[in-house]
Every structure is written in structure tokens, then in C-alpha cells.
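Undergrad: Counting from 1, one number per residue, gives the positions in the sequence shown under the UniProt record's numbering.
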Amino acid sequence: MSSEFLGKRYKLFSSENFDEFMKALVLFPQSSVTDRTMSSVLTSILGKRYKLQSSEKFDEYMKALVSHNRYDHNKSSTYKPKYERFSVVYDDEDKVVGYLSTDVLNIAGTNVQIQTFGEAIIEMGFDDVKFDGILGMGFSTISFEMSPVFTNMIKQGLLPRPVFSFYLNRQNSSSKLSSELILGGSDKRLYTDKFTYVNVTYEKFWNFTIDQIEIGDVILCVNGCQAIINTGTPVLTGPLPDIVVINKLIGAINTEETTIVDCDKIHNLLNIYFVLGGRPFELSGEDYIIKLKQNGRTKCISAFESADMSEYMEANWILGNVFLRRYYTEFDMMNDRVGFAPAK
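1) What's the gap between the Cα of Ile250 and the Cα of Tyr327?
2) Looking only at its own chain, which residues have a Cβ that is under 7 Å from the Cβ of Tyr202, when we skip the five neighbours before and after it?
3) Spatial neighbours of Phe266 within its chain, please: C-beta separation below 8 Å, excluding the five flanking residues on both sides.
4) State the Cα-Cα distance for the pair Trp317 and Phe205, rounded to the nearest angstrom.
5) What's the C-alpha gap between Gly320 and Ser165?
6) Compute the distance between the beta-carbons of Phe208 and Val88, then report whether it is under 7 Å.
7) So the beta strand (DSSP E) Val338 belongs to, where does it begin and stop?
8) So Ile213 and Phe274 are supposed to be a Cβ contact under 8 Å. How far apart are they, rounded?
9) From what residue to what residue does the beta strand (DSSP E) around Val218 run?
10) By a C-beta neighbour count over all protein chains shown, 10 Å radius and 16 as the cutoff for buried, is Lys95 buried or exposed?
11) Keeping to the same chain, check which residues put their C-beta closer than 6 Å to that of residue 350; ignore five residues upstream and five downstream.
12) So, at 6 Å on beta carbons, what are the nonlocal neighbours of Leu105 in its own chain, with the 5 sequence-adjacent residues on each side left out?
13) Given Asn152, which residues of its chain have a CB within under 7 Å of its CB, disregarding the five upstream and five downstream residues?
14) Ala120: which of Asp128, Glu145, His73 and Gly109 sits nearest, CA to CA?
15) On the criterion of 16 or more Cβ atoms from any shown chain inside 10 Å, does Val322 qualify as buried, or is it exposed?
16) Where does Asp332 land, buried or exposed, given buried means 16+ other C-beta within 10 angstroms?
17) Alpha carbon to alpha carbon, how far is Phe117 from Leu240?
18) Could you tell me the alpha carbon to alpha carbon distance between His223 and Thr259, rounded to whole angstroms?
19) In the DSSP assignment, find the alpha helix (DSSP H) that holds Glu286 and state where it starts and stops.
20) So, helix, strand or coil for Pro239, using DSSP?
21) Below 8 Å on the Cβ atoms is my guess for Leu100 versus Lys75; work out the distance and round it to an integer in Å.
22) For Phe164, report the span of its beta strand (DSSP E) as first-last.
23) Please report the straight-line C-alpha distance between Thr255 and Gln294, rounded to a whole angstrom.
24) Can you find a C-beta in chain C that's less than 7 Å from the C-beta of His267?
25) Locate the alpha helix (DSSP H) running through Phe117, then write down its first and last residues.
26) Could you spell out the range, first to last residue, of the beta strand (DSSP E) harbouring Val96?
27) Look at Ala227 and Ser302 and say whether their C-beta atoms are less than 7 Å apart.
28) Using DSSP with H/G/I as helix, E/B as strand and the rest coil, what is Asn271?
29) With 16 as the cutoff for other CB atoms within 10 Å, does Tyr191 come out buried or exposed?
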């Protein structure tokens, strides 16, 4: 086991007994693991050769362990072990380590047979999240040489169409509609107008091309730029020079923690347009400003953040939930395209 699994704050002094460590953890049903049993396992199996240098991070891990629903393969008659380990790094702090397993996966009453997935043994950075796991919806090219859930559903004939779509209800909306993931098609009740489609440029993270970005008299991404749409990203990320220009045009002020704007000026902020498939998709100040309440006060934060994901995702921009709340999004695997329509 090497430092890549747990990050810089955890230094592991031996790589010889990773399999011994994993086998020991398998002996404990996930639902019965407590602080004491996990500490005992780490101490007895890893011993002095392994030194966790951050007790704070260990406490964070234990908090995540006891606060979420967990899969217990000992209670499943269809479970099959794969005897293969995995690790996923989401950013500098968020990491998941475990082993691969196969079982029957049930989604909304539909059984997906022989589905391989990762059983997480060590989680870092997920203690405060409300979800219990991550369901990747990307292409099989990035899925640890296994068939993703959606691909398996297509192969097993469980869907009417090889299409899935997302509707995210706006936080400030009066609509009573819930956010939805629709597998097998789109829900016409949740969007207006027709879809505008853009072709997938890389079969990884549903990459596509933004024609250009317009705000005021300024045009960015003049010759087109690569982007992905991602439900795991709450904001809008792009290259630092573009983000600096946008935040300056909307009057945002940089602080030590984030970039803020005057809450009283949100309604007067410039609209920004992402041109996709030749059609402008508008975001207003009400869309791209995030309101957070802290200590009885409301802080208004710009959703435009800089991030360089070009090497990893082959994309300059990530259109996250800020964009998804405004536009219903359809992912068409048969035709390798992504469609956008105004959300209700």
C-alpha cells in the first residue's frame, strides 16, 4: 500500500501487506464496523510498519463510516468477490480505496445482473456528504476495465433507449417537481422547447465543444473550447484568464475564501451566454450567483471558479449544477451527443 492511496498526509511505511490488510477488513461486516473495531484492525494488521500521521483525518474517515448506509456483502447470496483492489482520486483531498465486487444492482425495481462495483474501505473527504456512493455515468473507457451500470443496462435490454437525462430543480424555484435522473429517455414534463444537440468529441466524460462564450461586449472561447457537463460539480469552472475576466465584469471581489458580489446587485448583473450547437444558452445573475447563509447573514458567491482540467478530462470548462438547473440535459449514447433544453 503506497502513499498514493491515502495522500500526502498519510505516510505508509510498507507496501507488502496490502492484501493482508484487505482480507482482514473483509472479515468484518460493513454494517458492524465501529470506531473500536476499525482502530483494532488498523493496529493489529498494519502494526508499527504503518503510521497514520493525521488523527484528524482518521476521525473524518470514521465519521463518514458511521454516518452513511453501507453495503454488506455478507448478507447477499449473489455477491461474488473479484479479489482486485482499486483507488480513485477525486482531487487533492477526496480519495476512495477498496476492492472490486460483483452483485445484482437494483435501481428503481430493475435488477442489473453481474454488476461489478467498488466496495469502499477507506474514504477521505466524504464525511459531510448526504449520498452513500457514486454512480458514474461516463463511458466505459474510464471505468477500470469493467462495464459501467448504464452500459450493462443497455446490454441486458433493460432500457427502451440508450439515453439518460437529468433534471435539477432550482433551489429558489416555486416548482414542486423533484430533481430526477431518467434512465432510458427524457421526461417531456420537465423541459420546454426542443433539444439543441452537440456531438461528443471524446468518449470519456461526455466532452463537447462550446462555440464561444459571450458576456457584455466580451467574447471568450473565440475559436471554440472543450467542455463537459457534470452533476458532481456544483459550480462553473474554466481557465483562470477567462474566469478573471468574467468575475471582473460582474463586479466580483476576491476574498481569502471565495469570490463575492453585492447581493443587492444580483438582478442587475450581466447575463452570460454559452453558445452550444449555434444556439446561445443564457445564465443570469440569479442563476450564477450562489447564496449562502452564514451566522445569520447571506453571502453571495460567484459560481465562476478557475480549474485546469484539460490534461485529465481533455476539457477547459465544466458546466456544473448551476447550468443543469437552468437546462434539462440529455445524454444520448447511441448517437454520441448531448442535448440541452430549457428546464421548467
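Virtual Cβ for every residue (Gly too), placed ideally from N, Cα, C. Here the structure is a predicted model, which is why all the values come from computation and not from measurement.
TA: The short version:
1) Rounded to whole angstroms, the gap between the alpha carbons of Ile250 and Tyr327 is 22 Å.
2) Around Tyr202, the same chain offers Glu314 as residues with beta carbons nearer than 7 Å, after the five sequence neighbours per side are excluded.
3) Correcting the residue identity first, residue 266 is Ile in this sequence and not Phe. For Ile266, where only same-chain residues beyond five positions count, the Cβ hits under 8 Å are Gly285, Glu286, Ile289 and Cys300.
4) Their backbone Cα atoms lie some 12 Å apart in a straight line.
5) One alpha carbon belongs to Gly320, the other to Ser165, and they sit about 14 Å apart.
6) It is not a contact, given that the beta carbons lie outside the stated cut-off.
7) Looking at the DSSP string, the run of the beta strand (DSSP E) that includes Val338 is Arg337 to Pro342.
8) About 6 Å separates the two Cβ atoms, so the contact holds.
9) That run of the beta strand (DSSP E) goes Val218 to Leu220.
10) Here Lys95 is buried, its C-beta having at least 16 other C-beta atoms within 10 Å.
11) A query on residue 350 cannot be resolved here, the shown segment of the chain reaching from 1 to 344 and no further.
12) So the qualifying residues of the chain are Val112 and Gln115.
13) Val112 and Gln115.
14) Per the Cα distances, His73.
15) Result: buried.
16) Buried, because 16 or more other Cβ atoms sit within 10 Å of the Cβ of Asp332.
17) Taking the straight line from one Cα to the other gives about 35 Å.
18) Per the sequence shown, the amino acid found at residue 223 is Asn instead of His. Each residue's Cα considered, the two are about 28 Å apart.
19) Per DSSP, the unbroken alpha helix (DSSP H) holding Glu286 starts and ends at Gly285 to Tyr288.
20) When secondary structure is reduced to three states using DSSP, Pro239 falls in the coil class, being assigned neither helix nor strand.
21) The Cβ separation is near 19 Å, so there is no contact.
22) It spans Val163 to Tyr167 - the beta strand (DSSP E) in which Phe164 sits, taken as one unbroken run.
23) Cα atoms of Thr255 and Gln294: separation of roughly 15 Å, rounded to the nearest angstrom.
24) In the displayed structure, chain C is absent; only one protein chain is listed.
25) For Phe117, there is no enclosing alpha helix (DSSP H); the enclosing beta strand (DSSP E) has its first and last residue at Thr110 to Met124.
26) According to the DSSP assignment, Val96 belongs to the beta strand (DSSP E) that extends over Lys95 to Ile107.
27) Their beta carbons are not under 7 Å apart, which means Ala227 does not touch Ser302 by this criterion.
28) Assignment of Asn271 by DSSP, reduced to helix, strand and coil, places it in the coil class.
29) The C-beta of Tyr191 has 16 or more other C-beta atoms within 10 Å across all chains shown, which makes the residue buried.
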